[in-house]
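Chemist:
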Amino acid sequence: MPWIIFSTPLAIIAYFLIWFVPDFPRGQALWYLLFYCLFETLVTCFHVPYSALTMFISTEQSERDSATAYRMTVEVLGTVLGTAIQGQIVGQADTPCLQDPSDSALAMEGANHTQSTTSLKETQNAYLLAAGVIASIYVICAVILTLGVREQREPYETQQAEPMSFFRGLRLVMSHGPYVKLIAGFLFTSLAFMLVEGNFALFCTYTLGFRNEFQNLLLAIMLSATFTIPIWQWFLTRFGKKTAVYVGISSAVPFLILVAFMESNLIVTYVVAVAAGISVAAAFLLPWSMLPDVIDDFHLKQPQSHGTEPIFFSFYVFFTKFASGVSLGISTLSLDFAGYQTRGCSQPARVKFTLKLLVTIAPIVLILLGLLLFKLYPIDEEKRRQNKKALQALREEASSSGCSDTDSTELASIL
Numbered sequence: 201m202p203w204i205i206f207s208t209p210l211a212i213i214a215y216f217l218i219w220f221v222p223d224f225p226r227g228q229a230l231w232y233l234l235f236y237c238l239f240e241t242l243v244t245c246f247h248v249p250y251s252a253l254t255m256f257i258s259t260e261q262s263e264r265d266s267a268t269a270y271r272m273t274v275e276v277l278g279t280v281l282g283t284a285i286q287g288q289i290v291g292q293a294d295t296p297c298l299q300d301p302s303d304s305a306l307a308m309e310g311a312n313h314t315q316s317t318t319s320l321k322e323t324q325n326a327y328l329l330a331a332g333v334i335a336s337i338y339v340i341c342a343v344i345l346t347l348g349v350r351e352q353r354e355p356y357e358t359q360q361a362e363p364m365s366f367f368r369g370l371r372l373v374m375s376h377g378p379y380v381k382l383i384a385g386f387l388f389t390s391l392a393f394m395l396v397e398g399n400f401a402l403f404c405t406y407t408l409g410f411r412n413e414f415q416n417l418l419l420a421i422m423l424s425a426t427f428t429i430p431i432w433q434w435f436l437t438r439f440g441k442k443t444a445v446y447v448g449i450s451s452a453v454p455f456l457i458l459v460a461f462m463e464s465n466l467i468v469t470y471v472v473a474v475a476a477g478i479s480v481a482a483a484f485l486l487p488w489s490m491l492p493d494v495i496d497d498f499h500l501k502q503p504q505s506h507g508t509e510p511i512f513f514s515f516y517v518f519f520t521k522f523a524s525g526v527s528l529g530i531s532t533l534s535l536d537f538a539g540y541q542t543r544g545c546s547q548p549a550r551v552k553f554t555l556k557l558l559v560t561i562a563p564i565v566l567i568l569l570g571l572l573l574f575k576l577y578p579i580d581e582e583k584r585r586q587n588k589k590a591l592q593a594l595r596e597e598a599s600s601s602g603c604s605d606t607d608s609t610e611l612a613s614i615l
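Using the working numbering, you'd call the opening residue of the sequence shown number 201 and step up by one each time.
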């Protein structure tokens with residue numbers, strides 16, 4: 201909780217300053233780089249303990265799974281809310297595209313002369329207003345989390361000595377086979393969906409020709425994901441988590457293939473967007489719901505370990521950030537080589553083809569690789585049941601041992 205409490209106000213300040221335009225034009229790039237990196241660092245300081253709380257709010261697997269489903273539903277809903285707020289506020293002061301992308305320098309000069317100072321100021325104020333609204337929601341959610349959640353410790357952990365060192369814990373965690381296989385599969389599937397997410401707006405604008413519809417299409421995807429997370433939660437409790445991973449994440453492949461070969465059709469695109477949201481829900485929920493099972497398995501194999509949960513979650517978050525960075529790098533380099541023109545009203549055919557590859561073919565390959573790695577993941581439903589029984593026996597033993605120690609202490613005080 202201290203990490204969440206102290207990182208929140210600093211993250212709010214950094215986020216607001218990202219959208220503030222300083223008066224010194226030569227140092228603006230450094231300004232944005234500094235505060236963006238600072239914001240990402242502070243958000244990580246919030247996200248890691250926030251995610252790790254899953255292991256400390258209950259000792260029951262079913263309750264942890266329910267908490268994970270609830271957490272991911274709210275996260276997707278928060279993404280929907282943020283997209284809607286940013287899109288509606290900033291969309292009122294959107295900067296027009298450049299009509300002549302083949303001569304971007306002249307076009308930019310013309311745009312700078314035609315756009316009034318008042319219009320530019322309105323755009324800057326719109327971004328600041330959206331940042332202020334989102335920052336307010338951030339604070340409210342952090343307060344609710346801090347005041348409404350109480351941590352619980354495992355009974356057998358309370359008798360342990362102080363937590364092991366970070367480097368020893370890291371060595372044990374990264375040598376745990378199920379965790380390595382899980383994060384490898386998680387990395388590839390996350391990279392696949394981040395490629396789609398990062399290039400979706402450009403794909404809708406230039407390849408499909410729906411410049412004014414991409415915000416609504418993105419909203420359709422995220423709303424579909426929000427409503428289907430509870431369905432996937434029911435599915436994984438009924439058929440198992442590995443089966444849910446195969447069915448949920450692989451269901452995106454047919455729709456990505458359809459997008460690759462279909463003509464520009466708005467109705468079909470909306471249908472594909474809603475269907476894609478179903479797979480996005482699975483990609484959000486299922487890998488995170490499998491992580492507590494890995495930690496339980498680790499505790500059984502390393503019963504003397506204590507305080508390693510943050511290491512598990514921190515590297516899960518690290519690989520999420522890593523996938524985001526790789527996705528951004530691949531997209532930027534690919535579009536640059538293809539000749540992408542910033543703010544152009546149209547793009548060369550090579551750019552449209554590159555966007556289609558980034559949104560369809562590349563994610564399909566990454567999804568298939570991720571599913572292959574998930575196939576090697578050893579914790580199935582039978583293994584989960586065995587681990588649950590073993591942990592329950594360990595808790596009962598620790599509880600009875602604690603009672604015996606208490607009785608002995610009381611007897612000694614009487615004597």
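Glycine included, each C-beta is placed from N, C-alpha and C at the ideal position.
Over the uninterrupted alpha helix (DSSP H) stretch that includes F519, give me the two end residues.
Modeler: Counting along the chain, the alpha helix (DSSP H) containing F519 begins and ends at 509 to 538.
Chemist: Ignore the nearest five residues each way along the sequence and tell me which others in M251's own chain have a CB closer than 6 Å to its CB.
Modeler: With the sequence shown as reference, residue 251 is identified as Ser, and Met is not the correct amino acid for it. If we look at S251 and ignore the five residues flanking it on each side, its Cβ neighbours are F513.
Chemist: Does the distance from the CB of A401 to the CB of L418 come in under 9 Å?
Modeler: In contact: A401 and L418 (Cβ atoms closer than 9 Å).
Chemist: Quick one: is K441 buried, meaning 16 or more other Cβ sit within 10 Å of its Cβ, or exposed?
Modeler: Counting Cβ neighbours within 10 Å, K441 comes out buried, since at least 16 surround it.
Chemist: Whose C-alpha, out of V474, P378, S258, is nearest the C-alpha of I579?
Modeler: Out of V474, P378, S258, P378 has the C-alpha closest to the C-alpha of I579.
Chemist: Measuring straight from C-alpha to C-alpha, what distance separates T535 and T554?
Modeler: Residue 535 is actually Leu in this sequence, not Thr. So the two alpha carbons sit approximately 7 Å from each other.
Chemist: Grouping DSSP H, G and I as helix and E and B as strand, with all else coil, what is F216?
Modeler: Of the three classes helix, strand and coil, the one that applies to F216 here is helix, per DSSP.
Chemist: Are there three or more Cβ pairs, one per stretch, closer than 8 Å when the segment 329 to 342 is compared with the segment 272 to 287?
Modeler: Judged by Cβ distances under 8 Å, the segment 329 to 342 makes contact with the segment 272 to 287, as three or more pairs qualify.
Chemist: Suppose contacts are defined by Cβ-Cβ distances below 9 Å. Is V551 in contact with L456 by that definition?
Modeler: No, these two residues do not count as a Cβ contact at 9 Å.
Chemist: Classify T405 as buried or exposed, calling it buried when 16 or more other Cβ atoms lie within 10 Å of its own Cβ.
Modeler: By the 10 Å Cβ count, T405 comes out buried.
Chemist: Can you name the start and end residues of the alpha helix (DSSP H) that R385 belongs to?
Modeler: The identity of residue 385 in the sequence shown is Gly, whereas the question assumes Arg. Note, G385: alpha helix (DSSP H), 377 to 402.
Chemist: From what residue to what residue does the alpha helix (DSSP H) around N416 run?
Modeler: That run of the alpha helix (DSSP H) goes 414 to 439.
Chemist: Less than 9 Å between the beta carbons of V445 and L571, yes or no?
Modeler: Taking 9 Å as the Cβ cut-off, V445 and L571 qualify as a contacting pair.
Chemist: Would G448 and F461 be called neighbours here (beta carbons separated by less than 9 Å)?
Modeler: Not closer than 9 Å, so no.
Chemist: What ranges does the alpha helix (DSSP H) occupy inside the segment 440 to 472, keeping only unbroken runs of at least 4 residues that lie completely in it?
Modeler: DSSP runs (the alpha helix (DSSP H)) wholly in the segment 440 to 472: 441 to 450, 452 to 461.
Chemist: Can you tell me whether I205 is helix, strand or coil according to DSSP?
Modeler: Helix.
Chemist: Using C-beta distances below 7 Å, list every residue in its chain close to Q315, excluding the 5 sequence neighbours before and after it, in chain order.
Modeler: For Q315, the pLDDT reaches just 48, beneath the cut-off of 50, and the residue's location in the model is therefore unreliable, although a value from the coordinates is still provided. There are no such residues.
Chemist: Can you name, in chain order, every residue of its own chain whose Cβ lies under 7 Å from the Cβ of A473, other than the five neighbours on each side?
Modeler: The answer, listed in chain order, is L417, A420, I421.
Chemist: Would you identify the three-state DSSP class for V559, choosing helix, strand or coil?
Modeler: V559 falls in the helix class under three-state DSSP.
Chemist: Rounded to the nearest angstrom, how far is the Cβ of G409 from that of S464, given a contact under 8 Å?
Modeler: About 5 Å; that satisfies the 8 Å criterion.
Chemist: Where does the unbroken alpha helix (DSSP H) through E240 begin, and where does it stop?
Modeler: Per DSSP, E240 belongs to the alpha helix (DSSP H) from 228 to 252.
Chemist: My output table needs one value for F224: the three-state DSSP class, helix, strand or coil.
Modeler: Three-state DSSP puts F224 in coil, outside helix and strand.
Chemist: Could you please give the first and the last residue of the uninterrupted alpha helix (DSSP H) stretch that includes G409?
Modeler: It is not in any alpha helix (DSSP H) - G409 carries neither H nor E in the DSSP assignment.
Chemist: Going straight from the alpha carbon of F518 to that of L370, what length do you get?
Modeler: Answer to the nearest angstrom: the Cα atoms are 13 Å apart.
Chemist: Closest to P222 by CA distance: which of P492, F537, Q324, T259 is it?
Modeler: Measuring from the Cα of P222, the nearest candidate turns out to be Q324.
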